[in-house]
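Notes follow the structure.
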Amino acid sequence: MIKQTKTIALAMSASLLMFACGNEEKATEEKEAAFTINATLTDANFKMAYLSEYKDGEMMKLDSSAITEGKFSFNGKMEMPEVRYINFNEGKEMIPLFVENSEITINGSATLMDSVSVKGSVANTAYRSFMDNLNSYEMPLKAIVDKFYALPEDASEEEQAVLEDEYNVADSIKIDFIKSYVAKNANSVPAAYIALRYLTSQAEVEELEALSNSFSEEIKSSIYTQKIADRLATLKKSMIGAPAPAFSQNDADGNPIALESFKGKYVLIDFWASWCGPCRAENPNVVDAYNKYHEKGFEIFGVSLDESKEKWLEAIEKDGLTWSHVSDLKGWGNEVAKLYGVQGIPHSVLVDKEGNIVAKNLRGEELHKKLEEVLASES
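One rule links them: number in my numbering = place in the sequence shown (from 1) + 1.
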């Protein structure tokens, strides 16, 4: 279940021309655009502060600063505003913020990180304002989730369906708010970050292409607009009608299995993991489809986003998944998942006998209907 600013102008390098009389030569000083972060935190028991960025699923330290009487500082320069994190205590405490070339001050208590004040960054102010407004849309969603978990174990399907409908309506309202904000701030780096964070995971090619093209040229070089463009390129490679991207990955015994080996049959590439509740809940339906259509030329190729080999194999056995399985045990870093642009699981891709993608994310009865349709046309 479930996440207005004006144009942000980067400070430009300035040249100060100083003219002298007589034979004195002209002197030039150049001042490069840069940022400084000066922070003061009360109740700080940490010895070091780290300026970090979140990249490829990991928090990467970029700089460090000793903390003296609650004070520390960083400096550097940015091409464009980007999200950075100031970490303490091995990342257990952190301050997220947009850093741009300006003088940024941070004040607050180390025991109340959520209420720390960040001033001097136009991008950060815009982002915090958006998040404050977004909270009013997320509170109703949280209330519905609380109601769902408060249902008795013997709650009827109708009672659960009512709450699911309520949730979907509230979530749709939230997404509309986000889309409206992004559309009104096409020249804003924070808006691009917001779009990447909230609008790309479930978007298909047409919607993502429109989103990518909506931003102004001024911020097309932002890392966030570039990531949206990269995701669009990945989705185009795995869109319905396109040839399924070729891959090979090892099974539990270390033997490689290639998608190519299933050519001549309909194959469902099933992205899942042992720790994924919705995946495990869908598995009985997938097993039923496999048992029903396997003899008619239907195969399943499981790609796990697990990190634990033991838990992966336990889930395969417990759920009775008797088809081929592979994993590189990299979790969300699974190379096949990245190749197919997988942003959430369960995720499935149905490939025909010629190796072309004919459907995506078929679940429940929809999977059976599609298999009935395509396999009937083969007979």
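Just so it is clear, CB atoms sit at the ideal spot from N, CA and C, and this is done for glycine as well. Note that this is a predicted model, so its numbers are computed, not measured.
In this structure, residue 272 sits near residue 343, with a CB-CB distance shorter than 7 Å. The alpha-carbon of residue 161 is positioned some 11 Å away from that of residue 154. When the beta-carbon positions are compared, residue 305 and residue 313 come within less than 7 Å of each other.
Taking 7 Å as the cut-off, the beta carbon of residue 215 is found closer than this to the beta carbon of residue 187.
One Cα belongs to residue 373, the other to residue 287, and the distance between them is close to 14 Å. The straight-line gap separating the alpha-carbon atoms of residue 94 and residue 88 is approximately 6 Å. Taken through DSSP and simplified to helix, strand or coil, residue 324 comes out as coil.
Boundaries of the beta strand (DSSP E) around residue 85: 83–89. Taking residue 57 as the centre and dropping the five residues before and after it, the same chain places the C-beta of 334 closer than 8 Å to its C-beta, in chain order. Take residue 179, set aside five residues on each side of it, and the residues of its chain with a beta-carbon closer than 6 Å to its own are 199, in chain order. According to DSSP, residue 360 shares a beta bridge with 351. Counting the other Cβ atoms within 10 Å of the Cβ of residue 174 gives fewer than 16, which makes it exposed. The secondary-structure analysis by DSSP pairs residue 273 across a beta bridge with 305. Following the DSSP letters along the chain, one finds residue 130 inside the alpha helix (DSSP H) bounded by residues 123–151. DSSP, reduced to helix, strand and coil, places residue 183 within a helical segment of the structure shown. Under the DSSP assignment, residue 279 falls in the alpha helix (DSSP H) whose first and last residues are 278–294.
Residue 130 and residue 319 have their C-alpha atoms some 47 Å from each other. In the displayed model, residue 71 falls within coil according to three-state DSSP, outside both helix and strand.
Shown here for residue 268: same chain residues with a beta carbon closer than 6 Å to its own, the five before and five after excluded, namely 300, 302, 352 in chain order.
Counting the other CB atoms within 10 Å of its CB gives residue 284 a total of 16 or more, which places it among the buried residues. Close CB contacts of residue 51 within its chain, under the 6 Å cut and outside five residues either way in sequence, are with 62, 65, 88 (chain order). In the DSSP assignment, residue 197 falls outside any beta strand (DSSP E) and within the unbroken alpha helix (DSSP H) covering 190–199. Spatial neighbours of residue 192 in its own chain (CB-CB distance under 6 Å, excluding positions within 5 residues in sequence) are listed in chain order as 183, 186.
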